[in-house]
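Worksheet: one structure, shown below.
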Ligand SMILES: Nc1ncnc2c1ncn2[C@@H]1O[C@H](COP(=O)(O)OP(=O)(O)OP(=O)(O)O)[C@@H](O)[C@H]1O
Ligand SMILES: [Mg+2]
Ligand SMILES: [Zn+2]
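Protein chains in written order, with the numbering used here: chain E, 19 to 367; chain Z, 2 to 201.
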């Protein structure tokens, strides 16, 4: 799929902007603080109605404005859809988003915050794999929401020193939904592994062996009964600490480069390249599941990479469909559309 | 700052205690009522009192009713072997509207909810056991809401009732996720009832 055109009104530092991107690679360049990331954010907002860097809707409207709008045309094969989304401030100062959504729109975003997949806490890796699983399996995020509800209630209940019978219905729900989540995360991880094994050597230009694994207390088990049994084993501890101690909310991803933990020992450049490769590894599984190639938004994806690696990355990303790549300095790529951004305006470079 | 006359302030205050009504709406309703004809307002106030004076809980099923036992419990045509468990009287009305169910009901008065500190003792669970002890029930249909509290309640009851040897079923999850029975449309609800499955 690709974005045919987009219009911004009072979005971030843009007063109005009308932009007709290329259906293939778009290079967005310009000095710092001119609105490159803001434009990617607008593209993501058009596609899926959410920002990748904030959950505060009010941040999206230009300072001092009480509303913002993004509209545009999404195309897939021979269908096309016009989408318009707005955020606006209500009487009580809360912000509200509105607009129809497009069920086949998919976007994959890479930004500096993705370094936390390697350097961050386990929660960052769980958020990463849930995002991937959510784009592949539409029922994943609703199930995650339900899991969080069960977890919050079960934790409250644990603090009241409950008996077996009172805990049982929450244990059962935790095990049922939890196993469902673990199963989808595992399958998503396996898909990423296949792609990563191809992409990382291609972009690094070296024959590195990469590995991504899902790590859970449950080992290889795939039945709710296994999670129930694990819960039963830690019951005493859980009641003492008033907290649920096993389940997908405690799991993690292992990331290895040539058999060594890349979270601990990877160089800065390797970690950046691995994080980027993980995002690129998502393209094929999402395309197969959604029936359309996701739009790629790559924010400053070349920084901290050496010249050779940059060349490999530029070649790899052109195998996707529509790509937006930002960079602070001018870039030249054969066949790419180039745009220069200055203070909330844009012109073809 | 100007104060409202005492009767006005009193009504605003009373209306504000209703669910979903904030200070602004309470004011608007109060001034709306002030403008209405006397008879209409008297009718409303009498209706409010009557509902408290004349409505009681059915001592068999805990439905709200103006006679005890309620019409459903007293209806000789209804199947006494089939017992449908719901959270609130509203859920029962939703089931009745489908016109598909010809058994009887038991209203729990809520669902298990750690957030609200509601446990089995706060629901009509003991009363349910007593009813089942009488021995005429063949099947218990757990029709609590599909949200996590309703599901916990169904799982809890399924385990509790299993030793009694009655058939226990749960209405199908064709209901919108996180939805409430009260708002489910009749077709969805009939389907959910048809597609009920054994639980526990
Ligand atoms: N709601 C808003 N209203 C107006 N301006 C905003 C708003 N939010 C952010 N900005 C401004 O937009 C400017 C550009 O932000 P953006 O993150 O897009 O820059 P960038 O071009 O990606 O820069 P860099 O190369 O440093 O990443 C920021 O300096 C910020 O002050
Ligand atoms: Mg930026
Ligand atoms: Zn009754």
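Where a beta carbon is used, it is the ideal one built from N, C-alpha and C, also for glycine.
Quiz item: Does DSSP put residue 19 of chain E in a helix, a strand or coil?
Solution: coil
Exercise. For residue 227 of chain E, count neighbouring C-beta atoms within 10 Å of its own C-beta (all shown protein chains included) and say buried if the count is 16 or more, exposed if not.
Key: exposed
Exercise. Show which residues of chain E have a CB atom less than 7 Å away from the CB atom of residue 149 of chain Z.
Key: 164, 167, 168, 171, 191
Quiz prompt | heavy atom of ligand 3 below 7 Å from residue 73 of chain Z C-beta | solution = yes
Exercise. Could you tell me whether any Cβ in chain E is nearer than 8 Å to the Cβ of residue 173 of chain Z?
Key: no
Self-check item: Residue interval of the alpha helix (DSSP H) (run including residue 149 of chain Z)
Solution: 149-162
Quiz prompt | Residue-chain proximity (residue 373 of chain E, chain Z), Cβ-Cβ < 8 Å | solution = Not covered by the structure: residue 373 of chain E. The range shown for chain E is 19 to 367.
Quiz item: Of all residues in the structure, which have a C-beta closer than 5 Å to any heavy atom of ligand 1, taken in chain order?
Solution: E/30, E/31, E/50, E/51, E/52, E/53, E/54, E/55, E/56, E/80, E/81, E/346
Quiz item: In this structure, does DSSP put residue 256 of chain E in helix, strand or coil?
Solution: helix
Quiz item: What residues of chain Z sit near residue 214 of chain E, judged by a beta carbon separation below 9 Å?
Solution: Simply none; closest approach about 33 Å.
Quiz item: Which residues bound the alpha helix (DSSP H) around residue 218 of chain E?
Solution: 182-222
Quiz prompt | Beta carbon of residue 240 of chain E nearer than 8 Å to that of residue 201 of chain E | solution = yes
Self-check item: Range of the contiguous beta strand (DSSP E) that encloses residue 114 of chain E
Solution: 113-117
Exercise. Measure the alpha-carbon distance for residue 72 of chain E versus residue 80 of chain Z and round it to whole angstroms.
Key: 56 Å
Practice problem: Please compile the residues from chain Z whose C-beta is within a distance smaller than 7 Å of the C-beta of residue 184 of chain E. | Solution: 120
Practice problem: Compare the C-beta of residue 106 of chain Z against all C-beta atoms of chain E and say whether one is closer than 8 Å. | Solution: no
Quiz prompt | residue 86 of chain Z - DSSP class collapsed to helix/strand/coil | solution = strand
Quiz item: Rounded to whole angstroms, how far is the Cβ of residue 84 of chain Z from the Cβ of residue 170 of chain Z, which I believe are closer than 8 Å?
Solution: Actually they do not touch by this definition, with Cβ atoms about 11 Å apart.
Quiz item: Should residue 164 of chain Z go down as buried or exposed, given a rule of 16 or more other Cβ atoms within 10 Å for buried?
Solution: exposed
Quiz item: Is the CB of residue 408 of chain E under 8 Å away from at least one CB in chain Z?
Solution: Because chain E in this structure spans residues 19 to 367, residue 408 of chain E falls outside the shown range and cannot be described.
Exercise. Hey, could you find the ends of the alpha helix (DSSP H) residue 148 of chain E is sitting in?
Key: 140-154
Quiz item: Any idea if residue 157 of chain E is buried or exposed, counting beta-carbon neighbours within 10 angstroms, 16 or more meaning buried?
Solution: exposed
Quiz item: How is the beta strand (DSSP E) around residue 363 of chain E delimited, first residue to last?
Solution: 363-366
Quiz item: residue 152 of chain Z touches chain E at which residues, Cβ-Cβ below 8 Å?
Solution: 187, 191
Quiz item: Cβ of residue 91 of chain Z within 7 Å of any heavy atom in ligand 3?
Solution: no
Practice problem: Determine which residues share a DSSP beta bridge with residue 357 of chain E and list them. | Solution: E/46, E/366
Quiz prompt | Proximity of residue 313 of chain E and residue 26 of chain E at Cβ, strictly below 8 Å | solution = no
Quiz item: Going by beta carbon distance, what residues of the same chain come within less than 7 Å of residue 372 of chain E, once the five residues before and after it are set aside?
Solution: The question about residue 372 of chain E has no answer here: the residues shown for chain E are numbered 19 through 367.
Quiz item: For ligand 2, is there a heavy atom less than 7 Å away from the beta-carbon of residue 344 of chain E?
Solution: yes
Quiz item: residue 56 of chain E and residue 355 of chain E: beta carbons closer than 8 Å?
Solution: no
Quiz item: Hey, is residue 21 of chain Z's beta-carbon within less than 8 Å of any beta-carbon in chain E?
Solution: no
Quiz item: Would a C-beta distance cut-off of 8 Å place residue 210 of chain E and residue 150 of chain E closer than the cut-off?
Solution: yes
Quiz item: In whole angstroms, what is the alpha-carbon distance linking residue 138 of chain E and residue 34 of chain Z?
Solution: 59 Å
Practice problem: Ignore the nearest five residues each way along the sequence and tell me which others in residue 102 of chain E's own chain have a CB closer than 6 Å to its CB. | Solution: 89, 117
Self-check item: Buried versus exposed call for residue 18 of chain Z [16 or more other C-beta atoms within 10 Å across all chains shown]
Solution: exposed
Self-check item: Reference residue 317 of chain E, options E/131, E/76, E/225, closest by Cα
Solution: E/131
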